[in-house]
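Trainee:
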Amino acid sequence: MMLDRLAPAIFAFLWSTGWIVAKYAAMHADPITFLAVRHALAACAFAGLCLLIGAKWPRSGAAFGRAILSGVFLHGLYLVGVWYAIGQGVPSGLSGIIAGLQPLLTALAATFLLGERLSVRQRVGLGLGFAGILIAISPQLLASLAAGLTGLGIPLIINLVAMTSVTYGTIYQKQYLQQADLMATATLQFVGALIVTLPIALMTEEMRFDGTWQAIASMAWSVIGISMGAVFLLLRLIRHGQVSRAASLIYLMPPMVAIEAAILFGEPLTLPVVVGTVIVVAGVYLVNRKARAEG
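Reminder that position 250 of the sequence shown reads as 238 in our numbering, one-by-one numbering, no gaps.
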């Protein structure tokens, strides 16, 4: 199908804009509050689509629970960490580069939990991706460590830890929701994400949302372009390919986000960022070249 051929490129673009929206949203709203509203609207939108197309809902309470729990990890805890870090001043381009850790973590986890085997070429590619990310974030991280983790040190670490949540969510999706209806699953996943984000927003933020057109436009794109468009494609990719192959698409995020952030926010394309993203792109080439040969 044409959608299957174009899905990786469309997903990469849509997903990359998430870091840009997070930067804009932080100017007009508390980040976790913004996420809670976004998850609520996305859940309602997907529920409406489910009713329209007659989606098949899970038949048991356990299946409902699995779909909701996957959303806790895949969208909830993951995005809380990322958006908190960006709200604290972590450059959106740098946060996008950190997202490249996911393919390495997911491929390694899939090896142990799902029995997926990685070729030597894939392992080299994953290693290159990891090295490229370390190079890209090294100046900010080393500077924060030298200052006793002041400044961006703790937000950077939280951003890094958030990668484990989306990694586990991806594995969990593959293990327990492979045959579930995509639309119904997406609806319940955003319910799970809301269950996480709303209490955190209530406990830690003032629930600020200034209602400007920039805030509303950011919300609209977050719900329609990212929560609905990108997430639907991500679920489709997870279903139709290996977990490590689907996750390797995240390697395309670092250069795209870095360039978008440089154009829109003037974030500098420093030498470590440029070198790191080039190495990351080389890594994704090696991982996906092997995946195509197998599929």
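Glycine residues also receive a C-beta, built at the ideal position from the N, C-alpha and C atoms. The structure displayed is predicted, hence computed values, not measured ones.
#1: For the alpha helix (DSSP H) holding T21, just list the boundary residues, first then last.
#2: Checking 9 Å against the spacing of the C-beta atoms, do G271 and L114 come in under that value?
#3: Could you please give me the residues that DSSP links to F178 through a beta bridge?
#4: Tell me, which residues are paired with F197 by DSSP?
#5: Quick check on the DSSP output: the alpha helix (DSSP H) that includes E255 runs from which residue to which?
#6: DSSP three-state label for V78, please.
#7: Going by other Cβ atoms of all chains shown within 10 Å of its Cβ, with 16 needed for buried, is S48 buried or exposed?
#8: When the Cα of P143 is compared with those of V68, Y12, V266, V263, which residue comes out closest?
#9: Who are the Cβ neighbours of M244 in its own chain at under 6 Å, not counting the five residues just before and after it?
#10: Which two residues bound the contiguous alpha helix (DSSP H) that contains G290?
#11: From this set, V184, L170, I125, which residue's C-alpha is nearest L259's C-alpha?
#12: For E248, does the three-state DSSP call read helix, strand or coil?
#13: Helix, strand or coil for K44? Go by DSSP, reduced to three states.
#14: Identify whether G120 lies in helix, strand or coil by the three-state DSSP scheme.
Mentor: In this structure, then:
#1: Where T21 is concerned, the enclosing alpha helix (DSSP H) stretches over 19 to 41.
#2: Note that the C-beta distance between G271 and L114 is below 9 Å.
#3: Here F178 is not bridged, per DSSP, to any residue.
#4: DSSP output for F197 lists A17 as bridge partner(s).
#5: Boundaries for E255: no alpha helix (DSSP H) harbours it, and the DSSP string shows neither H nor E there.
#6: DSSP places V78 in coil when its eight states are reduced to three.
#7: Counting the other Cβ atoms within 10 Å of the Cβ of S48 gives fewer than 16, which makes it exposed.
#8: Taking only the C-alpha atoms, the option nearest P143 is V68.
#9: S4, listed in sequence order.
#10: The chain is shown from -11 up to 283; residue 290 falls before or after that span and cannot be answered.
#11: Among V184, L170, I125, the Cα nearest to that of L259 belongs to I125.
#12: E248 sits in a helix when the DSSP states are folded into three classes.
#13: Note: K44 maps to coil in three-state DSSP.
#14: If DSSP states are grouped into helix, strand and coil, G120 belongs with the helices.
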